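Residues 25 to 136 (the working numbering) make up the sequence shown, in order. All C-beta atoms, glycine included, are put in the ideal place defined by N, C-alpha and C. Everything numeric in this text was worked out from a predicted model, so none of it was measured. Here the structure comes first, spelled out in structure tokens, and everything after it is commentary.
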Amino acid sequence: IIAEVLLARVHAYPIFTGSSFPEKRIDPSNNTSAIISSDSTSRQPINSRHEIAEEKNFQLAKSVAASMDGTRCDDELVCKFEQPLNKLVDLVEKYSGEKIIHIYATSSANII
């Protein structure tokens, strides 16, 4: 019985605490507060590899934030996005400006 308790799997259920994810991101190549819209119809073409990578990361962060609703555990998010959990959390926090909270529970617990 003791061995079963020691081997219980604990899952983190990350939750995006922001009311909504920003629709625009700050231009990383410019030190001013210029905003780049994520809406492809209202922005200039992206030219540099860095800007392309930033836009892909921003879109990934939006998708991850939408999945961090407390119903998916850490393992599910890692498998879905094929990235380590700490990278996913860092992306969402970087582009949203909001913190991610984690609720921990054993795999047999019913969270929601």
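As assigned by DSSP and simplified to three states, the class of residue i
i   : result
R49 : strand
Beta-carbon proximity check, residue i vs residue j, cutoff 7 Å
i   : j    : result
V88 : L109 : no
Cβ separation of residue i and residue j, assumed to be a contact under 8 Å, to the nearest whole Å
i    : j   : result
P38  : D99 : Not really, about 11 Å apart at Cβ, beyond 8 Å.
I119 : A85 : One detail in the question is off: residue 119 reads as Tyr in this sequence, not Ile. Going by Cβ atoms, the distance from Y119 to A85 rounds to 4 Å, so yes, they are a contact pair.
R49  : F82 : 5 Å
Through-space distance from residue j to residue i, alpha-carbon basis
i   : j    : result
E75 : Q107 : 21 Å
A77 : C103 : 21 Å
- Counting pairs of beta carbons, one from the region 36–49 and one from the region 112–126, are three or more of them closer than 8 Å? yes
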